[in-house]
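Undergrad: The sequence shown begins at 171 in the numbering used here and counts up one residue at a time.
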Amino acid sequence: MDTQEANDRKLPIFNLNGSDPENVAIEWHEAYKALDKAIGVFARATCHPRDFQFQPVETYVQARAIRDSMLAKLNEVQNYTMDWYEHACDSKSNK
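#1: Which residue wins for smallest C-alpha separation from ARG214, given the options PHE222, ASP190, ARG234?
#2: Locate the alpha helix (DSSP H) running through HIS199, then write down its first and last residues.
#3: Considering only residues of the same chain and omitting the five flanking positions on each side of VAL194, which have a CB-CB separation below 6 Å?
#4: Compare the beta carbon distance of LYS243 and GLU192 with 7 Å and say whether it is the shorter of the two.
#5: State the Cα-Cα distance for the pair GLU127 and GLN248, rounded to the nearest angstrom.
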């Protein structure tokens, strides 16, 4: 990744005065793995229409839409962690 692309994506340009990209890669990889586990647990959490049977149908539809939106946000955060991880790994190899 070149300097302009890193700036556009708001990722750091690693240098001798800053953090070691190897340590940064480890930290972001740990965050990625934790999110991967959280996403799996969240995705398996029950949100079933039978639990809404005494409410209007729209209630379940809205609850499901909110759940799906929250899952999408978790996936977005996980993608962000992967961007940092890959950037740090690229920076390690360019030392």
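We treat Cβ as the ideally placed atom computed from N, Cα and C, and that holds for glycine.
Please read these numbers as outputs of a predicted model, since none were measured by experiment.
TA: This is what the structure holds:
#1: For ARG214, the nearest C-alpha among the options comes from ARG234.
#2: DSSP places HIS199 inside the alpha helix (DSSP H), whose first and last residues are 191-214.
#3: Counting only Cβ-Cβ distances below 6 Å, and skipping sequence neighbours, we find ALA258.
#4: No.
#5: Nothing can be reported for residue 127: it is not among the residues displayed for the chain, which extend from 171 to 265.
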